[in-house]
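**Student:** Got a structure for you, questions after.
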Amino acid sequence: MQRSKVWLALLLAAAAFVLTVSSATGDPGSFINKFNNGGVAPPSGTYDFRDVQLGTGLTECPQAGSPSDQSPKPLDRRNQDRVEQISKGGDDVRANQPEFSCFPQNETSVDINPVDTRNVMTSQNDYRLGFGSSGINASTDNGNHFYTLIAPFPSLPSGDNLDGGGDPVSVFDRAGIAYYADINFNRTDDTNGIWVRRSTNGAFTWSRPCVAIDSTPADPTDDQARCGGTGDPRQPGDGTVVFDQDNDLLANGSVPFNDKEYMTAGPRPAGVTPVSFTPIQDQPFPTPAALVGVDRLYVTWTRFTATDATIQFSFSDDQGRSWSPPKAISGSAPFCTFGAGNACDFNQFSVPTVNPATGLLGITFENFNTPDENQYLFVRSRDGGTTFEGPFFITPVFDVNYPRSGVGRTRPDCRPRGQQNGRAVLTNTCFRVNSGGNVVADRRGGDFADDFYMVFSDNRNGSPASSNSDVFLFRSVDGGTTWIGPTRVNDDRSQLTGSRDSSTNRGNFGNDQWFPWVDISSKGDLNVVFHDRRNDDDSVASEWPTSRQRPGNYLAELWGGQCSISSTGTVTQSTTVLPRDVTECTAPEAGIVVQPTGPVDPGSGAQPGQSQSAFPVRNFTISDVPFNLDYAFRAGIFMGDYNNVAIADGDNTAYAFWTDSRNGRSSGGSTGSPPQAGRNPACEQSDVFLDSYSANSGGTAKKEHPQSDLFLVTPCPTDIQDKGAGKNP
């Protein structure tokens, strides 16, 4: 099957351009053909859906997951249905508190204050304003109760605000200062950028980023360069990583779009001196001693233009006040095609990580410069980002054979619900899915100073007609030059029969696992979380009957996986038998990933990870109840793009954080009264939930949940809908 590789900037261009290219033809490898095939990595959810008008017909909504406390409560006139009653049990805590807006929350990030591990910070896309913005939640009692706020909007010298936001990241440095990174943008034109806020009181109050714009370069005293003008206490450009001002006041992709940032913090490598930068001109100068952060902050992201999408990089030594000039780090390699000089310049989903003992920086990202399936790549820096090595090849990404939304594709039913043409989805549902994951550095230093662990998911064990995505783990013990894998993390049934690429192969190969994230403790406890449908193997009811392709694979839960790394060793590209000291958390069939000397096209034959005889990662359930993601966002077409997990080393506690739609309800789907094709619900709702457990024995107290038809089709009760003027309460 020919790999589709349209570039995302085209999706942000004018509709006329899209219509023009969609009617063009070309050879199988042409750029136009890649656009038509639709296999693209989508831009950020809040940006992608920035013009979606959210609204409910509710005056009240389910509140499962709300902890008991003394905060004010609404006048509750509802009769709690059975789903809400069941969902209130267990130990999952809803982090978006107090939350009575009934709007979605998704795309999760979590971190723990190393100075005080009771201080947990989480963040997510927050739609309570009626559009996508950036939510923050702070706890000082180990995540049992949360204070919730919307992140302060970045301000422009004109007095305007960039109120659209998304792709949230929560990070603490080793001094206990909290940082929050996100994209912000105008919702009616192309102005956009990336900003970082800081908090010194545990994520409760925050600095407000301010853009520096120099409209008169000849006048260095121009107030435009001083954010809000005379009297503004902020440093010019405070928190601005990158900023692109629109040039024509239209949402037509006329300027680059900065997307999918991620952030990490870690020590500067030996010999690296702190440096700050002037606003606008980006001239370096020594960081004032009072502003030097204990850690260097790193942000990576994708910069979409009309011709490429490179992974960009910036760092800060002054606690996020100023940032180094952005630079592309995705590099070039013989296994990258289409780019000039083998440039690896079509990318998405970058995640940085730092070894807390040495400052070694590693970054993974998904690359699209391939003749067929995508590929995951890795770059590293040993000098704090001055120079980079790589990219190094990790694995093919089998994403070509995901079911696709749209006319003439395997899932035409998703298009009437609002799902864009060509987006990857899963069997029986229409929310968009991707193969993104993350990388984490081993925290221990010493013999483990060069060790990294990476997870992602793909559909190598499924088909376009019957998805069966799985989670895979790779390990490097030499700083990311050589990778060991794949190891399938999820231990449920997963067995492809027949062609992986056949759009008519409707076999039941197993159920889907997706959106994985990994972290490791200072004791070597590796923890992975992911969404999972294994417990639903025979359901036949659903909110959208037209989407039912086969029984089961519908209700979702959050699952975890654990294993322990106690040893490390040495491997090379010529290693044929893995030494015993690198086989922990590794499947018996896993091996050395040999660096390619040219483009990688795996073909249609058997692939690594399709047959695994033993499962070294112990699996267990995390969420208390299953949930129906048709109720998550706008007719079930968006549930977010990732999950998260973080480990508090003080007590070796793992904190899983995920998007969950247990509080969502049905409003009739495509066969309701009246039918609502293309618009689910007055009752759509998703929240973000947190659960904590031991990082080395978290599964002992968890149990698998029996399937319940209650969660498959849960009616939206009339007593929680707006009753209208003059009606009785």
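Counting from 1241, one number per residue, gives the positions in the sequence shown under the numbering used here.
Using N, Cα and C, we set each Cβ at its ideal position, and we do this for glycine too.
Since this is a predicted model, take the numbers as computed values, not measurements.
Note down, in chain order, each residue of its chain lying with its Cβ closer than 7 Å to the Cβ of residue 1445, except the 5 sequence neighbours on either side.
**Tutor:** Around residue 1445: 1439.
**Student:** Taking the straight line between their C-alpha atoms, what separation do you get for residue 1566 and residue 1611?
**Tutor:** Rounded to whole angstroms, residue 1566 to residue 1611 spans 29 Å at the Cα level.
**Student:** So is residue 1517 buried or exposed if we call it buried at 16+ other beta carbons inside 10 Å?
**Tutor:** By the 10 Å Cβ count, residue 1517 comes out buried.
**Student:** Under DSSP, the beta strand (DSSP E) around residue 1753 begins and ends at which residues?
**Tutor:** 1753–1760 is the extent of the beta strand (DSSP E) around residue 1753.
**Student:** Are there three or more Cβ pairs, one per stretch, closer than 8 Å when the region 1343–1351 is compared with the region 1360–1372?
**Tutor:** Flag = yes, the region 1343–1351 and the region 1360–1372 touch.
**Student:** Which residues in the same chain as residue 1373 place their Cβ atom closer than 6 Å to its Cβ, once the five residues preceding and following it in sequence are excluded?
**Tutor:** Taken in chain order, the residues that qualify are 1366, 1390, 1405.
**Student:** For residue 1727, which residues from the same chain have a beta carbon less than 6 Å from its beta carbon, with the 5 sequence-adjacent residues on both sides left out?
**Tutor:** So the list reads 1713, 1826, 1827, 1830, once near-sequence residues are dropped.
**Student:** With a cut-off of 8 Å, do at least 3 Cβ pairs link the region 1653–1662 to the region 1687–1701?
**Tutor:** Contact fails: fewer than three Cβ-Cβ distances are below 8 Å.
**Student:** According to DSSP, is residue 1267 helix, strand or coil?
**Tutor:** Note that residue 1267 scores 32 on pLDDT, short of 50, meaning its location in the model is unreliable; the coordinates nonetheless yield the value given after this. Coil.
**Student:** If you reduce the DSSP assignment to three classes, tell me which class residue 1871 lands in.
**Tutor:** Note: residue 1871 maps to helix in three-state DSSP.
**Student:** Measure from the alpha carbon of residue 1416 to the alpha carbon of each residue in 1388, 1398, 1358, 1371, then state which is nearest.
**Tutor:** Looking at the Cα atoms, 1358 is the closest of the given residues.
**Student:** Would a C-beta distance cut-off of 9 Å place residue 1624 and residue 1688 closer than the cut-off?
**Tutor:** No, they are not a contact pair.
**Student:** What three-state label does DSSP hand residue 1553 in the structure shown?
**Tutor:** Correct three-state label for residue 1553: strand.
**Student:** Determine the closest residue to residue 1667 out of 1707, 1437, 1958, 1543, with distance taken between C-alpha atoms.
**Tutor:** Of the listed residues, the one whose Cα sits closest to residue 1667 is 1707.
**Student:** Which of the three DSSP states is assigned to residue 1586 in this structure?
**Tutor:** It is a strand residue.
**Student:** When the distance is taken between beta carbons, is residue 1520 closer than 9 Å to residue 1453?
**Tutor:** Yes, the Cβ-Cβ distance between residue 1453 and residue 1520 is below 9 Å.
**Student:** Quick check: what's the CA-CA separation for residue 1339 versus residue 1959?
**Tutor:** For residue 1339 and residue 1959, the distance between alpha carbons rounds to 19 Å.
**Student:** For residue 1954, I'd like the list of residues in its chain whose CB is within less than 6 Å of its CB, leaving aside the five on either flank, ordered along the chain.
**Tutor:** Excluding sequence neighbours, residue 1954 sits near 1323, 1905, 1906.
**Student:** Taking 9 Å as the threshold (C-beta atoms), are residue 1561 and residue 1535 in contact?
**Tutor:** No; because the gap between Cβ atoms is not below 9 Å, this pair is not in contact.
**Student:** In this structure, does DSSP put residue 1652 in helix, strand or coil?
**Tutor:** Three-state result, residue 1652: helix.
**Student:** Distance, Cα to Cα, residue 1869 vs residue 1677?
**Tutor:** Whole-angstrom Cα-Cα distance: 20 Å.
**Student:** Using three-state DSSP, classify residue 1276 as helix, strand or coil.
**Tutor:** Its pLDDT being 39, under 50, residue 1276 is placed unreliably in this model, and the value from its coordinates should be taken loosely. If DSSP states are grouped into helix, strand and coil, residue 1276 belongs with the helices.
**Student:** Going by CA-CA distance only, name the one from 1491, 1615, 1494, 1448 that's closest to residue 1472.
**Tutor:** Closest option to residue 1472, Cα to Cα, is 1448.
**Student:** Which residue from 1410, 1388, 1840 puts its Cα closest to that of residue 1634?
**Tutor:** The shortest C-alpha separation from residue 1634 is found at 1840.
**Student:** In this structure, how does DSSP classify residue 1443 when only helix, strand and coil are distinguished?
**Tutor:** Coil.
**Student:** So, does the CB of residue 1588 fall closer than 9 Å to a CB anywhere in chain C?
**Tutor:** Given the protein chain composition of this structure (a single chain), no chain C is represented.
**Student:** Which of the three DSSP states is assigned to residue 1287 in this structure?
**Tutor:** Residue state, collapsed to three classes: helix.
**Student:** Specify the secondary structure class of residue 1821 as computed by DSSP and reduced to three states.
**Tutor:** DSSP places residue 1821 in helix when its eight states are reduced to three.
**Student:** Quick check on DSSP: helix, strand or coil for residue 1887?
**Tutor:** If DSSP states are grouped into helix, strand and coil, residue 1887 belongs with the strands.
**Student:** Would you kindly report the start and end of the unbroken alpha helix (DSSP H) that includes residue 1949?
**Tutor:** Unbroken alpha helix (DSSP H) run through residue 1949: 1949–1952.
**Student:** Please say whether residue 1589 and residue 1606 have beta carbons closer to each other than 9 Å?
**Tutor:** Yes; because the gap between Cβ atoms is below 9 Å, this pair is in contact.
**Student:** Could you spell out the range, first to last residue, of the beta strand (DSSP E) harbouring residue 1644?
**Tutor:** Run containing residue 1644: none; DSSP gives neither H nor E here.
**Student:** Rounded to the nearest angstrom, what separates residue 1421 and residue 1436 at their Cα positions?
**Tutor:** Between residue 1421 and residue 1436, the C-alpha separation is close to 4 Å.
**Student:** Within the continuous alpha helix (DSSP H) that includes residue 1606, where are the two ends?
**Tutor:** No alpha helix (DSSP H) contains residue 1606, which is instead part of the beta strand (DSSP E) from 1601–1607.
**Student:** For residue 1645 versus residue 1705, is the C-beta spacing smaller than 9 Å?
**Tutor:** No. Outside cutoff.
**Student:** Rounding to the nearest angstrom, what Cα-Cα distance links residue 1394 and residue 1376 in this structure?
**Tutor:** Answer to the nearest angstrom: the Cα atoms are 15 Å apart.
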